[in-house]
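Visitor: Sharing a structure here in structure tokens format.
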Amino acid sequence: MNCREFQELISAAVDSCLSSEELELFLEHAQKCPPCQDEYDAELTTKRIVQNRAKMVKTPVAVASAISDTLRREAAAPTRHRGLWWQEVLRMPFLKPALILGAGATVVALLLVDSPDRPEGLVLASAPGNDVLLQSFSNYLEVENGAIQPQLVSAEPERVRNYFAGKTGFPVLVRAMRECTLVGAVLNEHSGAPLAHVVYKHADQFVYIYQACWTTVKTGKQLRLREPVKSALERSGLYTETRPDGRTVALWTEGETLCAAVARLDRDELLSCLSVSTSSMP
Amino acid sequence: MNYRKDEKQLAFEREAMPHTDLLYNYALRMTNNPADAQDLVQETYLKAYRFWDKYEQGTNIRAWLFRILKNSYINRYRKQSKEPETVDFDDVQGYFTSVRDKSADSGDLQEAVFNNLLEDDVSKAIADLPDDFRTVVILCDIEGLTYEEIADFVDCPLGTVRSRLHRGRRLLRQSLLQYARDRGYVAKD
Numbered sequence: 126m127n128c129r130e131f132q133e134l135i136s137a138a139v140d141s142c143l144s145s146e147e148l149e150l151f152l153e154h155a156q157k158c159p160p161c162q163d164e165y166d167a168e169l170t171t172k173r174i175v176q177n178r179a180k181m182v183k184t185p186v187a188v189a190s191a192i193s194d195t196l197r198r199e200a201a202a203p204t205r206h207r208g209l210w211w212q213e214v215l216r217m218p219f220l221k222p223a224l225i226l227g228a229g230a231t232v233v234a235l236l237l238v239d240s241p242d243r244p245e246g247l248v249l250a251s252a253p254g255n256d257v258l259l260q261s262f263s264n265y266l267e268v269e270n271g272a273i274q275p276q277l278v279s280a281e282p283e284r285v286r287n288y289f290a291g292k293t294g295f296p297v298l299v300r301a302m303r304e305c306t307l308v309g310a311v312l313n314e315h316s317g318a319p320l321a322h323v324v325y326k327h328a329d330q331f332v333y334i335y336q337a338c339w340t341t342v343k344t345g346k347q348l349r350l351r352e353p354v355k356s357a358l359e360r361s362g363l364y365t366e367t368r369p370d371g372r373t374v375a376l377w378t379e380g381e382t383l384c385a386a387v388a389r390l391d392r393d394e395l396l397s398c399l400s401v402s403t404s405s406m407p
Numbered sequence: 428m429n430y431r432k433d434e435k436q437l438a439f440e441r442e443a444m445p446h447t448d449l450l451y452n453y454a455l456r457m458t459n460n461p462a463d464a465q466d467l468v469q470e471t472y473l474k475a476y477r478f479w480d481k482y483e484q485g486t487n488i489r490a491w492l493f494r495i496l497k498n499s500y501i502n503r504y505r506k507q508s509k510e511p512e513t514v515d516f517d518d519v520q521g522y523f524t525s526v527r528d529k530s531a532d533s534g535d536l537q538e539a540v541f542n543n544l545l546e547d548d549v550s551k552a553i554a555d556l557p558d559d560f561r562t563v564v565i566l567c568d569i570e571g572l573t574y575e576e577i578a579d580f581v582d583c584p585l586g587t588v589r590s591r592l593h594r595g596r597r598l599l600r601q602s603l604l605q606y607a608r609d610r611g612y613v614a615k616d
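Residue numbers (my numbering), protein chains in the order written: chain A, 126 to 407; chain B, 428 to 616.
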């Protein structure tokens, strides 16, 4: 056995999975080659350190129960694959050209989808308590994985605005955004506070905008923001935060409306998408 | 395979749910963030449940779940993963020759030095490994899987598992040595 062959067997030797023939040759080489012996010792030490210092943890109870909740909701849902709902909408052959052509093709772009069979268990924005920031981050994942389905599917801002009209108690902002296609909308409530959710597509990513009544959030009962976020928002009119997995949220207010836009984009990309027609944003 | 809904739930709970620790620990080490690990594991179970019909009964359920998790991880983090996935063997070869000269004389003493390192240092060193190497180190040294199972999980030959482990541990040692130097446990260059 030469040094190169020895190197290739070190990990298997450390994990005691050499055959008896391999082990014999391995030991023979180690005995006459101190650098290789040292290297074997070093790898053994490294493994021991990892085993001693990076131990397995038990799955936290909160995680286990979140998984169970997700599965319970899924099991209670209609059997149709809801998972790819938003994507399915974009794949509809009669809708896709309309989305690409924009306003010129709106005649065929309008499709109203009611969700009469939406189960009670599918409540938006419940897991992260009443914190708007956490709700928006968490809802984004549910949009991605299909747990949140569109109630209205339309590429037409006017149509989406009409859908929300008179139902929210605050003006819902539905705008054309740079390099984004409007996909659809969901209306619901959290602890009695109405919420509007508008979803756009930007390349292969979703841009999701959560909207709530700013006064309700400032009051901090049904919905709230952590104090530093709220004061940053009141001070500069904009708050952004990026999660390690690449989800960025941008919060801003316009009159009575608080918006939280979430996407897997960096801060500048997201703000660039939002900048069209959002003149009051800094 | 076609299931009635309640049968599907029961089968899924019986087969898939006992493996949350395996998936959560891997997700935690890959994301370094409990909230992200939770998201990833939750997404994995949702997808697994939806595609339960596609799971071939009798095959390794852990490997099937792991691959779903790995794909979800790649989809989420591909934007950020700008690090190279492979490391040139020769790059680390030279380094280790020098480590042999500079560090302590015996394996036991080295271990004593490294034992002073904090759990955080070891976690950070693992986190810094390129994904392919980190994966095998997590599966082997933290989760205690066999080489055969790791090969099944990551869908590669046994020889690749061996070499990734060897190279991964070398890189890990390089980082640990740096932490030990920074903390003054080992003489600086």
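Here a beta-carbon is modelled for each residue, glycine too, at the ideal position from N, C-alpha and C.
F493(B): which of V468(B), R477(B), R503(B) sits nearest, CA to CA?
Guide: Of the candidates V468(B), R477(B), R503(B), the one whose C-alpha sits nearest the C-alpha of F493(B) is V468(B).
Visitor: Hey, could you find the ends of the alpha helix (DSSP H) N502(B) is sitting in?
Guide: Note, N502(B): alpha helix (DSSP H), 488-504.
Visitor: In chain order, what residues of the same chain lie with their CB nearer than 6 Å to the CB of R589(B), ignoring the 5 residues before and after it?
Guide: Counting only Cβ-Cβ distances below 6 Å, and skipping sequence neighbours, we find nothing.
Visitor: I need the DSSP call for V182(A), collapsed to helix, strand or coil.
Guide: Reduced to three states, the DSSP call for V182(A) is coil.
Visitor: Thinking C-alpha only, which one of I273(A), A272(A), G271(A), L298(A) is nearest R284(A)?
Guide: The shortest Cα separation from R284(A) among I273(A), A272(A), G271(A), L298(A) belongs to L298(A).
Visitor: Using only the heavy atoms of the ligand ATP, determine whether one of them is closer than 7 Å to the beta carbon of L496(B).
Guide: For the structure depicted, the ligand ATP is absent and the ligand set is empty, with no information on it obtainable.
Visitor: Which bits of chain B does A137(A) rub up against, with CB to CB less than 8 Å?
Guide: Those within 8 Å of A137(A) in chain B are Y574, R589.
Visitor: In the DSSP assignment, what are the bridge partners of A454(B)?
Guide: Note: A454(B) sits in no beta bridge, so no partner.
Visitor: Taking CB distances under 8 Å as the criterion, tell me whether R178(A) reaches chain B.
Guide: Interface residue, yes.
Visitor: When the Cβ atoms of the region 542-557 of chain B are set against those of the region 603-611 of chain B, are three or more pairs found closer than 8 Å?
Guide: In short, these stretches touch, since the Cβ pair count reaches three.
Visitor: Closer than 7 Å by C-beta to C567(B): which residues in its own chain qualify, once you throw out the five before and the five after it? Chain order, please.
Guide: Closer than 7 Å at Cβ, skipping near neighbours: I577, L592.
Visitor: Mind pulling the chain A residues with CB within less than 7 Å of R600(B)?
Guide: A167, T171, listed in chain order.
Visitor: Please classify P77(A): is it buried, with 16 or more other beta-carbons within 10 angstroms of its beta-carbon, or exposed?
Guide: Here chain A comprises residues numbered 126 to 407, so residue 77(A) is not present and cannot be evaluated.
Visitor: Using a Cβ-Cβ distance under 8 Å, would Q132(A) count as near chain B?
Guide: It does: the Cβ of Q132(A) has a partner Cβ on chain B nearer than 8 Å.
Visitor: Using 8 Å as the limit for Cβ to Cβ distance, is K343(A) near chain B?
Guide: False, the Cβ-Cβ gap to chain B never drops below 8 Å.
Visitor: Where does K346(A) sit, in a helix, a strand or coil, going by DSSP?
Guide: Looking at K346(A) - three-state DSSP - the assignment turns out to be coil, as it is neither helix nor strand.
Visitor: For L437(B), is the classification buried or exposed, using 16 other Cβ atoms within 10 angstroms of its Cβ as the cut-off for buried?
Guide: L437(B) should be labelled exposed.
Visitor: Determine the closest residue to L307(A) out of F295(A), E314(A), Y333(A), K292(A), with distance taken between C-alpha atoms.
Guide: It is Y333(A) whose Cα lies nearest to the Cα of L307(A).
Visitor: Chain A beta carbons: is any one of them nearer than 8 Å to that of F523(B)?
Guide: Because the pLDDT of F523(B) is 42, which lies under 50, any placement of that residue in the model is unreliable, and the number read from its coordinates should be weighed accordingly. F523(B) counts as touching chain A.
Visitor: Count the other C-beta atoms from every protein chain shown that fall within 10 angstroms of the C-beta of K481(B), then say buried if there are 16 or more, exposed otherwise.
Guide: So K481(B) counts as exposed.
Visitor: If you draw a straight line from the C-alpha of S487(B) to the C-alpha of D448(B), how long is it?
Guide: A small fix is needed here, since residue 487(B) is Asn in this sequence, not Ser. Their backbone Cα atoms lie some 16 Å apart in a straight line.
Visitor: Which chain A residues sit within Cβ distance under 7 Å of N460(B)?
Guide: The contacting residues are P369.
Visitor: Could you confirm whether any beta carbon from chain B is found closer than 8 Å to the beta carbon of D393(A)?
Guide: Not closer than 8 Å to any Cβ of chain B, the Cβ of D393(A) fails to qualify, so no.
Visitor: Give me the Cβ distance between N452(B) and E570(B), rounded to the nearest whole Å; I'm assuming they're in contact under 8 Å.
Guide: N452(B) to E570(B), Cβ: 6 Å. Contact.
Visitor: Once you ignore the five residues that flank R243(A) on each side, which residues in its own chain have a CB closer than 6 Å to its CB?
Guide: With a pLDDT of only 33 at R243(A), under 50, the local geometry of the prediction cannot be trusted, and no value is derived from it.
Visitor: Measure from the alpha carbon of D166(A) to the alpha carbon of each residue in V188(A), T184(A), A187(A), S136(A), then state which is nearest.
Guide: Considering only alpha carbons, the answer is S136(A).
Visitor: If you run the structure through DSSP and keep just helix, strand and coil, what is P319(A)?
Guide: If DSSP states are grouped into helix, strand and coil, P319(A) belongs with the strands.
Visitor: Quick one: what's got a C-beta closer than 8 Å to V563(B)'s C-beta in the same chain, skipping five residues either side?
Guide: These residues qualify, in order along the chain: I577, V581, V588, R591, L592, G595.
Visitor: Beta-carbon of Q605(B) versus every beta-carbon of chain A: anything under 8 Å?
Guide: Not one chain A Cβ lies under 8 Å of Q605(B).
Visitor: Determine whether the Cβ of V549(B) lies closer than 8 Å to any Cβ atom of chain A.
Guide: V549(B) counts as touching chain A.
Visitor: Hey, would you say A385(A) sits closer than 8 Å to T373(A), going by beta carbons?
Guide: Their beta carbons are not under 8 Å apart, which means A385(A) does not touch T373(A) by this criterion.
Visitor: Relative to the C-alpha of H322(A), which candidate in S141(A), C128(A), F289(A) has its C-alpha closest?
Guide: Selected option, being the one with the closest Cα: F289(A).
Visitor: Helix or strand or just coil, what does DSSP make of N313(A)?
Guide: DSSP places N313(A) in strand when its eight states are reduced to three.
Visitor: Is C128(A) helix, strand or coil when you go by DSSP?
Guide: In the structure shown, C128(A) sits in a helix (DSSP, three-state: H, G or I).
Visitor: Between which residues of its own chain and S499(B) is the CB-CB distance below 8 Å, once the five residues before and five after are set aside?
Guide: The residues are L467, E470, T471, K474.
Visitor: Run the CB neighbour count on C128(A), radius 10 Å, all protein chains shown included, and call it buried at 16 or more, exposed below.
Guide: So C128(A) ends up on the exposed side.
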